[in-house]
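S.K.: For the sequence shown, UniProt numbering gives the first residue as 1, with consecutive numbering after it. Positions of the beta carbon are idealized from the N, C-alpha and C atoms, including for glycine. Mind having a look at this structure? Questions to follow.
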Amino acid sequence: MQDFVNKIVSWYEKNHRQLPWRETHDPYRIWLSEIILQQTRVEQGRPYYEQFTTEHPNIQSLAEANEESILRLWQGLGYYSRARNLHKCAKTVMAEHGGHFPKKFEDLKKLPGIGPYTAAAIASFAFGEKVACVDGNVYRLLSRFFGISDDIASPKGQKVFFEKAQSLIPSDRPDLFNQATMEMGAMVCTPKKPNCMYCPLQAGCFAFEHNKQEELPVKTKKVKVKKRYLHYLIIKHEGEVLMKKRDTKGIWAGLYDFPLIEGKEAIVDFDDLLENTPNFNGGKFLLGQISQQYKHVLTHQQLFVRFFEISTKNQAAFQQVKEAFQSHSFPLEETMGIPKPILIDQYLKEHQLEGVE
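Written as structure tokens, this is what we have:
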């Protein structure tokens, strides 16, 4: 086992990527990076980390910010519950811990939005606690090297992997070992086409010896993907447009989008759309552009989205639709500063709406 530890740490010291959150022991910045990098590639997450640390250099600044400003910074990362939990956790640390993160793994797990992996990362990287960080990269590395076939999606399997990692972690620099196992999984022992020829662990690797790289790790939990057809109405009147804040549950919770008609299939005709729209007097509205259909893939859903640009000069008709959709009117030039799903943000940038740039 010591040979495994020595080889992986030696490889890491020579080959690891230079990343800003690895250059600090500040628990705030380590926590921030770990939340951002959940379900997110490093190259995508890094600019967000830099934006957050510039805008909110410490936990007090983040706790005192309003939620909409945090969602706006988060825009494009997806999984927006992470952003809301980020804010909630910052407030909790300020209110209940005097602005200082707890130092122990078990105490960190009690904070909002912090699970076992994130708690281990903070405890290890910031405070040097001897606790294993087991993420997807580590599951893959340990499963292949040791030939562990327990299901990583099951609580039992996760316990097996944590105990295995915990048995390997050295008392001296546990943070270095944790960084090394995660980096090896990310850079060498990759999900597809692992770079076995350059792996320092090749000689003792079960998967390499038995040609089981594609079979390990085992993950039997399958996600059922739901198809949804979303039709957005971009309703304009004298320099204003209607937008609505989404509920606090479901996709894009707490963000703003346009009045929405969801159907069982794609609608391409404006008259067909009107049949599905409550309190909508089509005669007082002028149809502008109908967009192409956009496909947006989420973990559990495939979204097929189309935008209908509509305008009216009739104040009463505009007000009627505003009330029907329980929406708010915003000046067109303000829409770019409102937190919204990345799909809508991209549409607004690509299609100027009378002053929207």
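1. Who are the Cβ neighbours of Lys-236 in its own chain at under 6 Å, not counting the five residues just before and after it?
2. Counting pairs of beta carbons, one from the segment 149-165 and one from the segment 185-198, are three or more of them closer than 8 Å?
3. Would you report the Cα separation of Trp-252 and Glu-350, rounded to the nearest angstrom?
4. How is the beta strand (DSSP E) around His-170 delimited, first residue to last?
5. Since I believe Lys-340 is in contact with Gln-75 (beta carbons under 8 Å), could you give me their beta-carbon distance rounded to a whole number of angstroms?
6. Just the Cα atoms here: how many angstroms apart are Pro-20 and Ile-36?
7. Distance, Cα to Cα, Glu-23 vs Gln-179?
8. Report all residues from its chain with a CB closer than 8 Å to the CB of Arg-347; omit the five preceding and five following residues, and keep chain order.
9. Measuring CB to CB, does Cys-189 end up less than 8 Å from Arg-140?
10. Buried or exposed for Ser-143, please, with buried defined as at least 16 other CB atoms from any protein chain shown within 10 angstroms of its CB.
11. Excluding the five sequence neighbours on either side, which residues of its own chain have a C-beta within less than 6 Å of the C-beta of Glu-357, listed in chain order?
12. By how many angstroms is the C-alpha of Tyr-256 removed from the C-alpha of Lys-244?
13. Measuring CB to CB, does Ser-262 end up less than 8 Å from Gly-288?
14. Which partner residues does Val-305 have in the DSSP bridge list?
15. Can you check DSSP and say which residues form a bridge with Met-243?
16. What residue does the beta strand (DSSP E) around Gly-263 start on, and which one ends it?
17. Please name the residue or residues paired with Ile-235 in a DSSP beta bridge.
18. Kindly list the residues whose CB is nearer than 6 Å to the CB of Phe-125, restricted to its own chain and excluding five residues on each side of it in sequence; keep chain order.
19. Check for me: the alpha helix (DSSP H) holding Pro-191 runs from which residue to which?
20. What does the Cβ neighbour count give for Met-184, buried or exposed, with the cut at 16 atoms within 10 Å?
21. On the DSSP letters alone, give me the boundaries of the alpha helix (DSSP H) that Ile-36 sits inside.
22. Since Pro-116 and Lys-109 should fall inside the 8 Å C-beta cutoff, what is the C-beta to C-beta distance between them, to a whole number of angstroms?
23. Nearest-angstrom Cα distance between Ala-153 and Glu-68?
24. Nearest by alpha-carbon distance to Val-9: which of Tyr-229, Leu-168, Gln-315 is it?
25. Which residue or residues does DSSP assign as beta-bridge partners of Tyr-256?
26. How is Leu-287 classed by DSSP in three states: helix, strand or coil?
27. Rounded to whole angstroms, what is the Cα-Cα separation between Phe-127 and Glu-55?
28. Which of helix, strand or coil does DSSP assign to Asp-272?
29. Can you give me the start and stop residues for the alpha helix (DSSP H) that Ser-154 sits inside?
30. What residue from His-25, Gln-213, Val-5, Phe-177 has the CA that sits closest to Pro-191's CA?
31. Near residue 362, what residues of its chain come up, given a Cβ to Cβ distance below 8 Å and the 5 sequence neighbours on each side ignored?
32. Which same chain residues end up closer than 7 Å to Ser-171 when comparing Cβ atoms and leaving out the 5 residues on each side of it in sequence?
33. Using 8 Å for Cβ pairs, my map puts residue 371 next to Arg-246. What's the rounded Cβ distance?
34. Quick one: complete beta strand (DSSP E) runs, 3+ long, within the UniProt domain "HhH-GPD" (36-187)?
35. If you draw a straight line from the alpha carbon of His-25 to that of Ile-148, how long is it in whole angstroms?
M.R.: By the coordinates alone:
1. Same-chain partners within the cutoff: Ser-311.
2. Contact fails: fewer than three Cβ-Cβ distances are below 8 Å.
3. Distance between the alpha carbons of Trp-252 and Glu-350: 21 Å.
4. Residue identity differs from the one stated: residue 170 is Pro in this sequence, not His. Segment: none, Pro-170 is in no beta strand (DSSP E) and carries neither H nor E.
5. With a Cβ gap of about 7 Å, Gln-75 and Lys-340 count as contacting.
6. Near 13 Å, if we compare the C-alpha coordinates of Ile-36 and Pro-20.
7. Whole-angstrom Cα-Cα distance: 12 Å.
8. A quick correction: the sequence has Tyr, not Arg, at residue 347. When the five nearest sequence neighbours on each side are left out, the beta carbons in the same chain lying within less than 8 Å of the beta carbon of Tyr-347 are those of Ser-291, Tyr-294, Phe-307, in order along the chain.
9. Their beta carbons are under 8 Å apart, which means Cys-189 touches Arg-140 by this criterion.
10. Result: buried.
11. With a pLDDT of only 35 at Glu-357, under the threshold of 50, the placement of this residue in the model should not be trusted, and no figure is reported.
12. Taking the straight line from one Cα to the other gives about 5 Å.
13. In the sequence on display, residue 262 carries Glu and not Ser. No.
14. Beta-bridge annotation (DSSP): Val-305 is paired with Leu-230, Tyr-294.
15. In DSSP, Met-243 forms a bridge with His-328.
16. 260-263 is the span of the beta strand (DSSP E), which, as asked, contains Gly-263.
17. DSSP lists Ile-310 as partners of Ile-235.
18. Hits under 6 Å: Ile-30, Asp-175.
19. Here Pro-191 belongs to no alpha helix (DSSP H), and DSSP marks it neither H nor E.
20. With 16 or more other Cβ atoms within 10 Å, it is buried.
21. First-last of the alpha helix (DSSP H) with Ile-36: 27-36.
22. Between Lys-109 and Pro-116 the Cβ distance is about 6 Å, and since that is below 8 Å, they are a contact.
23. Their backbone Cα atoms lie some 34 Å apart in a straight line.
24. Taking Val-9 as reference, the option from Tyr-229, Leu-168, Gln-315 with the minimal CA-CA separation is Leu-168.
25. Tyr-256 is bridged to Lys-245.
26. In the structure shown, Leu-287 adopts extended strand secondary structure according to DSSP, grouped into three states.
27. For Phe-127 and Glu-55, the distance between alpha carbons rounds to 25 Å.
28. The DSSP-derived three-state label of Asp-272 is helix.
29. No alpha helix (DSSP H) holds Ser-154; DSSP gives it neither H nor E.
30. The alpha carbon of Pro-191 has as its nearest neighbour, out of His-25, Gln-213, Val-5, Phe-177, the alpha carbon of Gln-213.
31. There is no way to answer for residue 362, as the model of the chain reaches only from 1 to 357.
32. Excluding sequence neighbours, Ser-171 sits near Lys-130.
33. In this structure the chain extends from 1 to 357, so residue 371 is not present and cannot be described.
34. Counting only runs of 3 or more, we get nothing.
35. Looking at the two C-alpha atoms, the distance is approximately 33 Å.
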